[in-house]
Amino acid sequence: MAVQDLPIVLYTYDGSPYGRRLVWYLNLRKIPFKTCHQPPILPRPDLQLLGLSYRRIPLLAIGRDVYLDTRLIIAKLEQLYPTRSGQEQQQYPGISPQTPEHRALQQLLSRHVNESPGALFGRAAQLMPADSPALRNEHFVRDRNQLVTGKPDGKAFSPASLAAARPAALVEIARFVELLEGTLLADGRDWVFGGQGPSLGDIEAVFVLHWLTTMPGALPAEVVGAGRYPKTFAWIARFDQFVKKSAAKPDVVKGQEAASIVLGAEYAEEPSGGVQRDDPVIAAAGFQPGDVVTMWPVDQAPVNKDSGTLVKMDGVEVVIEVLSKDGKAVRVHAPRHGFKVVKGSQAGAKM
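In my numbering, each residue carries its 1-based index in the sequence shown increased by 345.
Printed below as a string of structure tokens:
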């Protein structure tokens, strides 16, 4: 079966900015998918059905392969769903940058927003107003403290800590908006790389700003607003209208049905290359295919780890095989960058 014939299931929740980013990508490329809505906080029993402890949203299953982190998810969709030209229209229209310069810039935007120390998304999260519904929800605050510190009663994520971080966060967001206003959007173009519609570069640059504009009280107009940055805010509004027109009718499935779809499907890919033995970290740790390993994101507290059998590890991704709740094998893919991998099945991995 061709990978394009396999079912895609997106696990997300409505308020997730990263989930929204992925929905935009799928809709702009006209890649059909089903959505399994998740609660914004733990527990998420739907994911436990697949044998996963990973706590971040979104996740994407293509067949019986489950992909973590939107950086890797989008890269895999680019690889597995190339643009095809039919008699009447393109299948999976391409939105990737076409020149080496634009591809490099798109990667730099992604790293600045998602990966760099003090990444833009982390700064944006510090702009949640103290009186927002989320911060008034004790369960939400405890959940996010568990994510950041490993302790639900921690103070790293609280109205007081966010208020203290707010001035510096505003400065960083304003710097990014000023960069867009004065460079990529300075000539009045509609999209960051020109063209007739948004590209992957627009998605990378806009999703954090779009999220902030939907959060009342996050951005003071006199610091970061349309009066000061008219081109950037016009671009955000233009993008919002474009993706709304491109949105597909939601195809929603419940958790048990989603698990049945995933576990009943074929694998989307057969990982080739095994373990890259000349990689310094891999060589130092002595990783071998078949090792039992544990992995988790490095920018969170070391909880909600996933253990499984190592299938592949190279400079791009780590692939492990885990067992679902009913004993079926599932392959889980994580990006190499930003994930810690150690030998052994760690006690308490599934928290």
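Where is the CB? At the ideal position from N, CA and C, for every residue including glycine.
- Message: I'd like the list of long-range same chain contacts for residue 627, defined as Cβ closer than 7 Å, with 5 residues on each side in sequence excluded.
- Response: For residue 627, where only same-chain residues beyond five positions count, the Cβ hits under 7 Å are 620, 621 and 658.
- In the structure shown, what three-state DSSP assignment does residue 517 receive? Three-state DSSP puts residue 517 in a helix.
- Query: From which residue to which residue does the beta strand (DSSP E) around residue 538 run?
  - Reply: Taken as a continuous stretch (DSSP letters only), residue 538 belongs to no beta strand (DSSP E), as it is neither H nor E.
- Query: Shortest alpha-carbon distance to residue 316 belongs to which of 608, 490, 521 and 379?
  - Reply: No answer is possible for residue 316: the residues shown for the chain start at 346 and end at 696.
- Just how far apart, CA to CA, sit residue 351 and residue 358? For residue 351 and residue 358, the distance between alpha carbons rounds to 23 Å.
- Would you kindly report the start and end of the unbroken alpha helix (DSSP H) that includes residue 684? Looking at the DSSP string, residue 684 is not in any alpha helix (DSSP H); the run it does join, the beta strand (DSSP E), is 684-688.
- Message: Rounded to the nearest angstrom, what separates residue 412 and residue 576 at their Cα positions?
- Response: Cα-Cα distance, rounded: 35 Å.
- Going along the chain, which unbroken runs of the alpha helix (DSSP H) with 4 or more residues stay wholly within the stretch 432-482? The alpha helix (DSSP H) runs lying completely inside the stretch 432-482 and spanning 4 residues or more are 445-459 and 465-470, given in chain order.
- Task: Determine whether the Cβ of residue 388 lies closer than 9 Å to any Cβ atom of chain C.
- Result: In summary, chain C is missing from the structure at hand, where a single protein chain is found.
- Would DSSP call residue 358 helix, strand or coil? Residue state, collapsed to three classes: coil.
- Excluding the 5 residues preceding and the 5 following residue 644 in the sequence, name in chain order all residues of the same chain whose CB lies nearer than 7 Å to its CB. Counting only Cβ-Cβ distances below 7 Å, and skipping sequence neighbours, we find 683.
- Rounded straight-line distance, which links the Cα of residue 591 to that of residue 436: About 15 Å.
- Item | Supposed close pair residue 388, residue 361 - CB separation, criterion 8 Å | That belief does not hold up - the Cβ atoms of residue 388 and residue 361 are roughly 17 Å apart, past 8 Å.
- Task: Identify, in the order they occur along the chain, each residue of the same chain with its Cβ nearer than 7 Å to the Cβ of residue 471, setting aside the five sequence neighbours on each side.
- Result: If we look at residue 471 and ignore the five residues flanking it on each side, its Cβ neighbours are 507, 510, 511 and 514.
- Query: Is residue 657 helix, strand or coil by DSSP?
  - Reply: Three-state result, residue 657: strand.
- How far does the alpha helix (DSSP H) with residue 607 in it reach, from first residue to last? For residue 607, the enclosing alpha helix (DSSP H) starts and ends at 600-608.
- Item | N- and C-terminal bounds of the alpha helix (DSSP H) containing residue 547 | Residues 545-558.
- Excluding the five sequence neighbours on either side, which residues of its own chain have a C-beta within less than 8 Å of the C-beta of residue 636, listed in chain order? Contacts found: 654, 655 and 688.
- For residue 646 versus residue 496, is the C-beta distance shorter than 9 Å? Yes. Within cutoff.
- Out of curiosity, what's the CA-to-CA distance linking residue 606 and residue 408? A straight line joining the alpha-carbon of residue 606 with that of residue 408 spans about 8 Å.
- Nearest-angstrom Cα separation, counted from residue 552 out to residue 363: Inter-residue distance for residue 363 and residue 552 is about 8 Å (C-alpha atoms, whole angstroms).
- Message: Checking 9 Å against the spacing of the C-beta atoms, do residue 373 and residue 355 come in under that value?
- Response: Not in contact: residue 373 and residue 355 (Cβ atoms no closer than 9 Å).
- Same chain, Cβ closer than 6 Å to residue 406, five either side skipped, listed in chain order: 354 and 607, listed in sequence order.
- Rounded straight-line distance, which links the Cα of residue 390 to that of residue 473: In this structure, the alpha-carbon of residue 473 lies about 28 Å from that of residue 390.
- Could you check where the alpha helix (DSSP H) with residue 379 kicks off and where it finishes? Taken as a continuous stretch (DSSP letters only), residue 379 belongs to no alpha helix (DSSP H), being part of the beta strand (DSSP E) at 379-382.
- Item | Alpha-carbon spacing of residue 375 relative to residue 438, whole angstroms | Between residue 375 and residue 438, the alpha-carbon positions lie close to 7 Å from each other.
- Query: Does the Cβ-Cβ distance between residue 690 and residue 545 come in under 9 Å?
  - Reply: Contact: no.
- Bridge partners - residue 678, DSSP secondary structure assignment: DSSP lists 412 and 664 as partners of residue 678.
- C-alpha gap between residue 567 and residue 574, whole angstroms: Whole-angstrom Cα-Cα distance: 10 Å.
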